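Asker: Residue numbers (mature numbering (1 follows the signal peptide of the UniProt record, and there is no 0)): 10 to 317.
Pasting in a structure now, in structure tokens, and then I'll have a few things to ask.
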Ligand code: SD4
């Protein structure tokens, strides 16, 4: 353990996101506020897989998935939400202002507008537009492993339009010892219209039990849902596994569920327990995660992985 507060998030875009969370955590703020503020940074950046700058579905529409969970099992999510800049904040409103956990599509957008969120133009970023046109030439759906990773060493700071970042999952423990988590994505590029991945699904893309720990997922959402990934990891930590061992066990279960096809996908997990210990594990090479903890150091780590 490195001490609290602590925040951990997926991929190299997590470095910037952690700084957003740290502004809340350092002066003693709530983990819940931190995980919302943190991933909002990523939702604002241009990149392949989060926010309105993300890649569209096969019909050319950017559809966003997000969820959030606090230390008291409160949770909320949105799926297939269009033209709203901060799906994570809409997810939080679903949690705090409705009797429901998940709103989808048009209903989610209506709710967002009723809550005062602004309808953004229906427009792809220049990079997304270019890639989409290229993709239309073959129209083949073939997820690219580790497309999320920007591929070059990344420093904290302003992000150029070229950055290629993914789904961000974020877990935090505040100075009071409370845990919360968030997850936000534009999902797999060129997915079928209406497709929802693991990221807005409580128990798959994200799970938090304050008495045990928290976990988040990124990668091929269908294969995270199949094993109820984040929930599984929290249950394994409950039984005494370390965060990393629990993430590894979940990856092994994905591998078992996929058989030979495991080589064609990437699945990655991060976890944080209530003692402030963290860990990660991935199916394939190339996953990394960012950790910012008590000493204020914000560092990127390469995850270990199963398939050598
Ligand atoms: C999804 N898990 O929609 C997300 C996307 C992702 O790497 O994490 N891609 O399936």
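Glycine included, C-beta positions come from ideal geometry on N, C-alpha and C.
Remember, it's a predicted structure, so these values are computed and weren't measured experimentally.
Would you kindly work out how many angstroms separate the C-alpha atoms of residue 188 and residue 125, rounded to a whole number?
Answerer: Each residue's Cα considered, the two are about 28 Å apart.
Asker: Which residues share a DSSP beta bridge with residue 308?
Answerer: Per DSSP, 300.
Asker: Based on the DSSP output, what are the partners of residue 282 in its beta bridges?
Answerer: Its beta-bridge partners are 222.
Asker: Tell me the DSSP bridge mates of residue 18?
Answerer: Residue 18 pairs with 179, 299.
Asker: Measure how close the beta-carbons of residue 73 and residue 191 come, nearest whole angstrom, since I'm counting them as under 8 Å.
Answerer: 13 Å between Cβ atoms; not a contact.
Asker: Between which two residues does the beta strand (DSSP E) containing residue 271 stretch?
Answerer: No beta strand (DSSP E) holds residue 271; DSSP gives it neither H nor E.
Asker: Output the residue ranges of the beta strand (DSSP E) runs that lie fully inside the segment 32–112 and measure 3 residues or longer, sorted by chain position.
Answerer: The qualifying runs are 73–78, 84–90.
Asker: Look up residue 141 in the DSSP assignment and say whether it is helix, strand or coil.
Answerer: The answer is helix: DSSP assigns residue 141 an H, G or I state.
Asker: What does the alpha-carbon distance come out to for the pair residue 227 and residue 277?
Answerer: Straight-line Cα distance between these residues: approximately 5 Å.
Asker: For a test of your reading of the model: does the CB of residue 270 fall under 8 Å from any non-hydrogen atom of the ligand SD4? Yes or no.
Answerer: For the ligand SD4, not one heavy atom lies less than 8 Å from the Cβ of residue 270.
Asker: Please state if the CB of residue 68 and the CB of residue 265 are separated by a distance shorter than 9 Å.
Answerer: Cβ distance not < 9 Å, so residue 265 and residue 68 don't count as in contact.
Asker: Under a three-way DSSP split, which group does residue 237 fall into?
Answerer: Here residue 237 sits in coil by DSSP.
Asker: Measure the alpha-carbon distance for residue 272 versus residue 37 and round it to whole angstroms.
Answerer: If I take the Cα positions, the gap works out to 43 Å.
Asker: Using only CA atoms, which one of 55, 81, 54, 121 lies nearest to residue 87?
Answerer: Here the closest residue by C-alpha is 121.
Asker: From the DSSP output, read off the bridge partner residues of residue 216.
Answerer: Paired residues: 224.
Asker: Near residue 258, which residues of its chain fall below 6 Å by C-beta distance, leaving aside the five closest residues on each side in sequence?
Answerer: Within the same chain, residue 258 has close Cβ partners 245.
Asker: Where does residue 80 land, buried or exposed, given buried means 16+ other C-beta within 10 angstroms?
Answerer: Answer is buried; the Cβ neighbour count reaches 16.
Asker: Only counting the same chain, and skipping five residues up and downstream in sequence, which positions put a Cβ closer than 7 Å to that of residue 239?
Answerer: The residues are 212, 213, 214, 215, 216, 224, 225, 226.
Asker: Identify which residue in 71, 294, 236, 26 has its Cα closest to the Cα of residue 50.
Answerer: Per the Cα distances, 26.
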